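K.L.:
Okay, so the sequence shown: first residue is 2 according to my numbering, each after it adds one. Supplied in structure tokens, the structure appears directly below.
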Amino acid sequence: MNGASGWLRRSGALTVAAALAVAVPASAAADGDVLFTIKDERITESSGLVASEQHPDVYWTHNDSSDAPRVYAIAKDGSTKATITLSGVDARDWEAITIGKDDAGKPAIFVGDIGDNLHGKWPEVWIYRFEEPRTLADATVKATKFRVKYDDGPRDAEALLTDPRTNKLYIASKELDGGLYEQPERLTPGGINTFKRIAPVGSTVTDGAFSPDGSRFVLRAYFSATVYSAPGKEVGGVAVPIQRQGESVAWARDGKALLFGSEGKNSQVRRVDLKDDTRPDSIRPATGGSGSTGTDRSTDPSAARGEKSGSDSDSAAHKTKTYGPGLLAVAGLVLLFVAYRKLRTRKS
2 MNGASGWLRR SGALTVAAAL AVAVPASAAA DGDVLFTIKD ERITESSGLV ASEQHPDVYW
62 THNDSSDAPR VYAIAKDGST KATITLSGVD ARDWEAITIG KDDAGKPAIF VGDIGDNLHG
122 KWPEVWIYRF EEPRTLADAT VKATKFRVKY DDGPRDAEAL LTDPRTNKLY IASKELDGGL
182 YEQPERLTPG GINTFKRIAP VGSTVTDGAF SPDGSRFVLR AYFSATVYSA PGKEVGGVAV
242 PIQRQGESVA WARDGKALLF GSEGKNSQVR RVDLKDDTRP DSIRPATGGS GSTGTDRSTD
302 PSAARGEKSG SDSDSAAHKT KTYGPGLLAV AGLVLLFVAY RKLRTRKS
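This is how it looks when you write it as structure tokens:
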């Protein structure tokens, strides 16, 4: 067993190196500015990231499946300002965190226990909601639990995002042919909430986030990130920093940049400034008579199906996802290695 695991570790390292060499052209990788380094020794698998709505320069994160059910408030100096524990909750496979509103309209944190490394074995997944604390201090809270299923069956997912205009939640699945799933009209804690597939997305999505004004959302994978104009038109790709195991992405509160996080001890969060149409409407100058640089497809049925116009086929976003069969093979090996690491962590 030790020999086999050693071989897997060595082959996994070679796989990641090969993936970086083959899959990441110069235009798709960026260093990014280090915003902060997470100093808390308890945080070794930062799997989700979101900027606080009430506390400037504070970011919420959580571990994957190797921690108690708790989230951490991290300041820009990398220190932990608060640890919030969810009572009566198991952290089976926490993968994502986002901020929206609760039923009273107050800022609320949503945690997505939506991972499924067995690829479709869990009959349901869960989302937990609790009010974002007004003051930063360690606390134990009771969260509202929402039971979730998908209209086309169980699947692995790592991205949970909230449209700030509608307060609707969306989940992006982590597959080679992933999909974007929308919550029902209203989330109810008393029954099953069936999320409906509304559009295809790129492969192996590990996180996502809406811009503060809701006019854009981003979905990241290990080596690429694609920005969409809500509700689904691709508008461009964003250079992703090369990280140990890039898992998370958050939108900066000023709307001008994306923040990329990674798993691992003392992991860094890097800021990458946005350009051109990847920037939200609220910070882009109006052009033309309409006052908008993009086409509003919120009422266009093709947007929900993920259809693109002819000009979209050559967009930067499309190019960041299309590297050919060789990359798909490498990406598959990377996924196997990541899944193996997670299973090893659980067994230990």
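Ideal Cβ positions, reconstructed from N, Cα and C, are used throughout, including at glycine. Please read these numbers as outputs of a predicted model, since none were measured by experiment.
For residue 249, tell me which candidate among 33, 96, 38 has the shortest Cα-Cα distance.
P.N.:
Among 33, 96, 38, the Cα nearest to that of residue 249 is on 96.
K.L.:
Measure the alpha-carbon distance for residue 36 versus residue 254 and round it to whole angstroms.
P.N.:
Rounded to the nearest angstrom, the two C-alpha atoms are 13 Å apart.
K.L.:
Report yes if the CB atom of residue 147 is closer than 7 Å to the CB atom of residue 188, and no otherwise.
P.N.:
Yes, the Cβ-Cβ distance between residue 147 and residue 188 is below 7 Å.
K.L.:
Taking residue 123 as the reference, give the member of 94, 259, 143, 267 with the closest Cα.
P.N.:
For residue 123, the nearest C-alpha among the options comes from 94.
K.L.:
According to the Cβ coordinates, are residue 222 and residue 251 closer than 7 Å?
P.N.:
No, these two residues do not count as a Cβ contact at 7 Å.
K.L.:
Alpha carbons only, please: which of 259, 283, 247, 258 is nearest the one belonging to residue 268?
P.N.:
Checking every option, the nearest Cα to that of residue 268 belongs to 247.
K.L.:
Taking only the alpha-carbon atoms, compute the straight-line gap between residue 127 and residue 41 and give it to the nearest angstrom.
P.N.:
Going from the Cα of residue 127 to the Cα of residue 41 covers about 26 Å.
K.L.:
Measuring alpha carbon to alpha carbon, tell me which of 78, 214, 264 ends up nearest residue 163.
P.N.:
It is 214 whose Cα lies nearest to the Cα of residue 163.
K.L.:
Once you ignore the five residues that flank residue 194 on each side, which residues in its own chain have a CB closer than 6 Å to its CB?
P.N.:
147, 149, 185, 188.
K.L.:
Among residues of its own chain, excluding the 5 on either side of residue 34, which ones have a beta-carbon nearer than 7 Å to its beta-carbon?
P.N.:
These residues qualify, in order along the chain: 271, 272.
K.L.:
Go to residue 103, then tell me how far its beta strand (DSSP E) extends in each direction, as first and last residue.
P.N.:
Residue 103 -> no beta strand (DSSP E), and no H or E assigned at all.
K.L.:
Among residues of its own chain, excluding the 5 on either side of residue 141, which ones have a beta-carbon nearer than 6 Å to its beta-carbon?
P.N.:
86, 88, listed in sequence order.
K.L.:
Quick check on this structure: which residue in 98, 265, 66, 201 has the alpha carbon closest to the alpha carbon of residue 74?
P.N.:
Closest by alpha carbon: 98.
K.L.:
Please give the ranges of any beta strand (DSSP E) in the stretch 31 to 100, keeping only runs that are unbroken, at least 3 residues long and fully inside the region.
P.N.:
Counting whole runs of 3 or more residues, the stretch 31 to 100 contains the beta strand (DSSP E) stretches 34 to 38, 49 to 52, 59 to 63, 71 to 76, 81 to 87.
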